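Trainee:
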Amino acid sequence: MDEQAASTDNNDSGRILDGLLEILEDMIKDWDTGFSGRIGPATSLMNNLTFESIDIVMLIVAIEERFGRKGLPFEQLLMLDGHYVDDLKVSQIVQFLERELRSGTTA
């Protein structure tokens with residue numbers, strides 16, 4: 011990968027992370043999560059931010075609106091071997107979005 015491509019990837023990653031953090035901070039601003047500190051890549055949605063299934067649905071809608079992409083295959087992120095995952099970290103969502111937004115395809 012050349013230097014310009016690496017720089018573009020880093021900019022995309024930073025833009026995606028910033029957008030996701032903004033969404034999450036807005037979602038939890040009135041919640042009593044008991045979480046102290048700033049949300050970052052290692053933050054766990056269920057364990058740290060006390061997300062429930064309806065919150066995941068709301069997050070997906072907010073992500074699709076923020077990034078202007080409907081129909082992203084979130085089942086790839088939310089399911090493993092036919093079962094729902096127990097938790098997600100912010101970094102996992104960022105990696106998923108980097109891959110899917112770069113691919114330019116929707117369901």
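Each residue of the sequence shown is one higher than the last, beginning at 11 in this note's numbering. Quick reminder that beta carbons are idealized off the backbone N, C-alpha and C, glycines included. In this text, all values refer to a predicted model and were calculated from it rather than measured experimentally.
(1) Taking L87 as part of the alpha helix (DSSP H), name the residues at either end of that continuous run.
(2) Rounded to whole angstroms, what's the CA-CA distance from P51 to H93? Just pull it up for me.
(3) From K80 to A72, what does the alpha carbon distance come to, in whole angstroms?
(4) By DSSP, does S46 sit in helix, in strand, or in coil?
(5) For N58, I'd like the list of residues in its chain whose CB is within less than 6 Å of its CB, leaving aside the five on either flank, ordered along the chain.
Mentor: Looking at the atomic coordinates:
(1) E85 to L88
(2) 24 Å
(3) 10 Å
(4) coil
(5) F45
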